[in-house]
Amino acid sequence: MFLALRELKHAKLRYILIGLIMVLIAWLVLFVTGLANGLANDNGAAISSNKATYYVLQKDSDNRLTRSNLTAAETESVAKQLKKSESTNLGVQMGTITPPNKDKKTDITFFGIDKTGFMKPAISEGKEPQQTKEVIADISLKESGYKLGSKIKDSATGETFTITAFTKNNTFSHSPVIFVGWDAWKLVHQTNQAAEGEYNAVALDVSENTAKNLSIGSMELSSSKEVLQGIPGYSEEQGSLLMMIAFLFVIAAFVLAAFFYVITIQKINQFGILKAVGARTAYLARSIVTQVVFLSVVSLLIGNGLTFGLAAILPASMPFTLSPILAIGCSALFLVVAVIGSMLSLYRVAKVDALEAIGRAN
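In terms of the numbering used here, the sequence shown opens at residue 892 and continues consecutively.
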């Protein structure tokens, strides 16, 4: 520790520059992680944030709610096997809305729900809908100019609804969700109900054992995670971003390894002299690791501060979500990567021959 701190004080500019590079790398990793998490949340928050643990879907729907169609008889056959509080029907339909008498279009997703079931979202603003054409909308619609009391017109059917409440964190396929009751659902649902089915799924709030023991005939059971993965583009989007994050960590390891190795090479004579006067390799190794950990921790603190500071001023339309737990996890992984990157330097120090180093110094 003594040697590590003395060296940091002696070569301030050198280590400040390395620290700056580490700050920028940490900031980039944290920001991309927050962006990936934000995009995932924006794509399927309405699924990941509700209480449903399983969904009963039409066979061969590939875990996609929008591909599934169930008749009332099929949903009733599932519901009668459970308590009323454990199952609720769900309708999902993509759509476009406009303000009455205006042409500004906004893509949305209608969720048809039982207003007394567990799929009903928590209200953050406004009051519970009382009439058929009163709806709950995701708060992101405010960015399109909508507010409490605003009228919205469904472009496909021409039906007009009134927003009486807003809810948070309810988006589907990168579009805000509008929750409607069953009477309103029948007005916007674009299908031949007799032939194709009235609902898209049955949402279940049950344990794994209960779900797998249900008799669902030709229908299929999908977990909430599988339904989330089934949202068009979700897996591909997350796969690309996670690959990017993984490469950032790999690049960080190589960059840090190169910097610390170059610094170690520059000090190889000093390490040899220290070995000649009795310093053990373990002591020198601890000195290098201490420097790496110290620089990494300081850089991560600054990087986290910059990331959360930037997140605070980002526009609400930017899908960025970085929880403290996720930030701590990324920071811990970055610290591990930095230490691993210093292993090459430790190997070089271990191979230093004291007599050769003294000869080069002379």
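Glycine included, every Cβ here is placed at the ideal spot set by N, Cα and C.
Note that the structure is a prediction, hence the values are computed from the model and not measured.
Just checking my contact of residue i with residue j at CB under 8 Å: how many whole Å lie between their CB atoms?
i	j	result
LEU1032	THR997	7 Å
VAL983	ILE1107	So it is not a contact: roughly 19 Å between Cβ atoms.
ALA1143	PHE1225	7 Å
ALA943	MET1010	7 Å
THR1000	SER1046	Actually they are not in contact, since the Cβ atoms of THR1000 and SER1046 sit about 13 Å apart, beyond 8 Å.
Would you list the residues sitting across from residue i in a DSSP beta bridge?
i	result
MET985	THR1000
ALA1094	TYR946, THR979
SER1114	TYR945
ILE916	In DSSP, ILE916 forms no bridge with anything.
LYS1044	THR989, THR1051
ALA1056	GLY1017, ILE1027
VAL1068	THR1000
LEU961	TYR1090
THR1062	PRO1067
Identify, in the order they occur along the chain, each residue of the same chain with its Cβ nearer than 7 Å to the Cβ of residue i, setting aside the five sequence neighbours on each side.
i	result
MET1135	VAL923
GLU965	MET1110
TYR1174	none
LEU1205	PHE1211
GLY1008	THR979
ALA1086	In this predicted model, ALA1086 has a pLDDT of only 44, less than 50, meaning its place in the structure is not dependable; the value taken from the coordinates is given anyway. Cβ neighbours of ALA1086 beyond the five flanking positions: none.
Starting from the C-beta of residue i, find all residues in its chain whose C-beta is less than 6 Å away, skip the five residues before and the five after it, and write them out in chain order.
i	result
ASP933	THR1062, HIS1065, PRO1210
ALA970	SER978
THR1023	ASP1074, ALA1075
GLN1084	Bear in mind that a pLDDT of 48 at GLN1084, under 50, signals an unreliable position, so the number given afterwards is only what the model happens to contain. None.
SER1115	ALA943, THR944
GLY1072	LYS1006
Of the residues the options, which one's Cα is nearest the Cα of residue i?
i	options	result
SER1214	GLY1196, SER1098, GLN1022, SER1041	GLY1196
SER1113	GLY1194, GLU1099, ILE988	GLU1099
VAL1240	ILE1179, ALA1207, TRP1073	ILE1179
LEU1235	VAL1189, THR1155, LYS995	THR1155
GLN1129	LEU926, GLY1017, GLY910	LEU926
ASP1005	ASN980, ALA1028, ARG958	ASN980
ASN928	VAL1230, CYS1221, GLY1232, PHE1151	CYS1221
ALA1229	ALA1203, VAL1188, LEU1192, GLU967	VAL1188
ASP953	VAL1118, GLN1182, ILE1231, GLU1019	VAL1118
ASN960	ILE1122, LYS1103, ASN1091	ASN1091
SER968	VAL914, LEU1105, GLN1182	LEU1105
ILE860	GLN949, ILE1122, GLY910, ILE1069	There is no way to answer for residue 860, as the model of the chain reaches only from 892 to 1253.
TYR1238	TYR1152, GLN1021, THR989, GLY1017	TYR1152
PHE1145	VAL914, ILE1231, LYS995, PRO1067	ILE1231
Using C-beta distances below 8 Å, list every residue in its chain close to residue i, excluding the 5 sequence neighbours before and after it, in chain order.
i	result
ALA936	ASN1060, ASN1061, THR1062, PHE1063
Counting beta carbon pairs with one atom in the stretch 1133-1148 and one in the stretch 967-975, are three or more of them shorter than 8 Å? Verdict: no, contact absent.
Could you tell me whether the stretch 1216-1225 touches the stretch 1048-1057, where touching means 3 or more Cβ pairs closer than 8 Å? Taking 8 Å as the limit for Cβ pairs, the verdict is that the stretch 1048-1057 does not touch the stretch 1216-1225.
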